[in-house]
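Numbering (this note's numbering), first residue to last: 2 to 335.
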């Protein structure tokens, strides 16, 4: 028999036990829900934001990887182009998106450069975008008009120290420009930078001999190189390219030189770690597929696989290096 007056105490005791059970259950659910969420992810289409117009290397790679992810995960990975402001518009759209894994960014070396090129941005790329997985690295190629009497990087350095040389790029602050300025910084040569509005007009003038040198992306120049319309001297990555295996690296002549364009996948900060890890696993698996590898090689690209932390370290190091080059060359946007 329960003593008189103890019923209220008994009720309080039962409520306390119920509360503790519920609290414990909530804690378990809280601990398990992100993993359970990742196991069921995705349950609806995923957007991959490309911060540049359709047709570029990053756009092509996003569509190749998106197709593979759609097949692997059973939901559509839809590429959406959000060009403008050197990639900042599309990047900010992802920064402001919900951190749930359903809005992803094709991050690139443009993001790393923009951190120093723009005085004011509405976001901090390295802080506001979580690294998910690397996709590719694309070498730039040191290439010259065939009329220039040089066939190696060493000969280019000697010639440029003795003669005026013009260096074309797709515009101030672009990959081509920064690769060229890094070369100038590390060799002491002085080549006059001639910026164009895009690679196409720059290549047209390089082919025509109006300018003499360009550090262009392999993906846009490789056909001209194979047709002997341009003379390639070296690739700018630290290792040789499978697409042009006989071409040396700049670092074989200029130790520690390395420059490249790269793309990877990022997500809004605070995206659950299990979702980031699952995406990383599936993207790395996609990069290893034979048909995907073949498509990347056709673009002159190299897979950039690895963990989220490795990709984050890569971004941080590249951002720091580009900041030094931009400061050295006093690069300003047009």
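Backbone N, C-alpha and C fix where the C-beta goes; we use that ideal spot for every residue, glycine too.
Ranked by Cα distance from residue 210, the first of 169, 61, 299 and 48 is 169.
Under the Cβ criterion (8 Å, minimum of three pairs), the segment 253-269 counts as touching the segment 125-143.
In this structure, the beta-carbon distance from residue 97 to residue 50 does not fall below 8 Å.
Annotation: the segment 112-192 contains the following complete segments of the alpha helix (DSSP H) (minimum length 4 residues), in chain order: 126-129, 154-163 and 176-188.
Residue 67 counts as buried, since no fewer than 16 other beta carbons sit within 10 angstroms of its beta carbon.
CA-CA distance, residue 118 to residue 139, rounds to 21 Å.
Secondary structure at residue 50: strand, using DSSP grouped into helix, strand and coil. When beta bridges are read from the DSSP output, residue 266 appears opposite 107 and 134. Residue 97 sits in coil when the DSSP states are folded into three classes, being neither helix nor strand. For residue 316, the closest alpha carbon among the candidates 80, 107 and 181 is that of 107. Look at the beta carbons and you see the segment 54-63 not touching the segment 278-291: under three pairs across the two are nearer than 8 Å. Between residue 255 and residue 154, the CB-CB gap stays under 8 Å. Between the segment 224-238 and the segment 74-90, the count of C-beta pairs closer than 8 Å stays below three; the two stretches do not touch. Where residue 216 is concerned, there is no enclosing alpha helix (DSSP H), although the beta strand (DSSP E) around it starts and stops at 214-218. Residue 79 carries a strand assignment under DSSP once its states are collapsed to helix, strand and coil.
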